[in-house]
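In the numbering used here, the protein residues as written are 18 to 142.
Put into structure tokens, the structure is as follows:
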């Protein structure tokens with residue numbers, strides 16, 4: 018990905034380097050209590066190891082930091098729980114399953130992401 022972004026910036030992107038994987042992805046953003054207004058940092062994040070075992074799920078850190086061996090919140094948008102699957106419905110189900118397994122004080126996330134998923138198509142459809 019870094020090579021492709023570098024090529025784009027330099028104006029020399031070779032389209033043959035781009036490959037699309039069939040299927041769909043969905044991301045649910047976990048935020049700190051109070052976001053987008055005032056929120057507190059330093060809340061311990063639990064459940065990360067278990068949810069990363071769910072097939073197709075990746076947890077992307079945005080507003081976190083390590084304190085010793087613990088991951089703690091360090092921003093309003095804390096984590097992006099992203100899942101890939103054959104269909105958008107399956108990707109959403111996995112992302113929400115993973116999000117429900119992560120916990121930190123004040124955590125919240127939208128529960129309507131993909132509410133209109135039946136109107137969308139996955140790559141390759």
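Yeah, the Cβ is synthetic: ideal placement off N, Cα and C, and Gly gets one too.
Since the structure is predicted, the reported quantities are computational estimates derived from the model, not experimental observations.
- When DSSP states are grouped into helix, strand and coil, residue 104 belongs to the coil group.
- Taken atom to atom, the span from the alpha-carbon of residue 39 to that of residue 101 is near 10 Å.
- Here residue 92 has 80 as same chain residues with Cβ atoms under 6 Å from its own Cβ, once five neighbours each way along the sequence are excluded.
- A residue is called buried once 16 or more other Cβ atoms fall within 10 Å of its Cβ, and residue 77, having fewer, is exposed.
- Cβ-Cβ distances below 7 Å link residue 125 to 48 and 50 in the same chain, with the five nearest sequence neighbours on each side left out; the list follows chain order.
- Going by DSSP, residue 23 is part of the alpha helix (DSSP H) stretching over 19-27.
- Rounded to the nearest whole angstrom, the CA to CA distance from residue 127 to residue 37 is 28 Å.
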